[in-house]
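Numbering follows this note's numbering, with no gaps: position 6 of the sequence shown is 6.
Don't be surprised by glycine CBs; every beta carbon is placed ideally from N, CA and C.
A quick write-up on the structure given underneath.
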Amino acid sequence: SERLFGRLVRATIANALAVVRTVDRTSIDDLREAKEQLTMVIGAAREDGMPEDELAEGERVRRKVHNKIEDLKGSIRVF
Numbered sequence: 001s002e003r004l005f006g007r008l009v010r011a012t013i014a015n016a017l018a019v020v021r022t023v024d025r026t027s028i029d030d031l032r033e034a035k036e037q038l039t040m041v042i043g044a045a046r047e048d049g050m051p052e053d054e055l056a057e058g059e060r061v062r063r064k065v066h067n068k069i070e071d072l073k074g075s076i077r078v079f
């Protein structure tokens, strides 16, 4: 049962990562939504005891999305 749960959590993270990778990188709203989804999935996995090393890829992608959002916000202010 616990192994099944772990596989489900990993699959959920993998699915969230796949969705994030297909997001329009020029849309702040789409990026924010993707980041929010990824943050929720990672947080739930962390609460359920998923080891940090298994969350590393998700955290890396989440940070990249966050940085892209900040870059887009900065470029909008310039104009």
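Residue i in three-state terms, based on DSSP
i          : result
residue 23 : coil
Unbroken alpha helix (DSSP H) run spanning residue i, endpoints
i          : result
residue 50 : No alpha helix (DSSP H) holds residue 50; DSSP gives it neither H nor E.
Burial state of residue i (16 or more Cβ within 10 Å)
i          : result
residue 56 : exposed
residue 10 : exposed
residue 13 : buried
residue 8  : exposed
residue 18 : exposed
residue 38 : buried
residue 45 : buried
Anticipated Cβ contact below 8 angstroms, residue i with residue j, distance rounded
i          : j          : result
residue 23 : residue 16 : Rounded, the Cβ-Cβ distance is 11 angstroms, inconsistent with contact.
residue 59 : residue 42 : 6 angstroms
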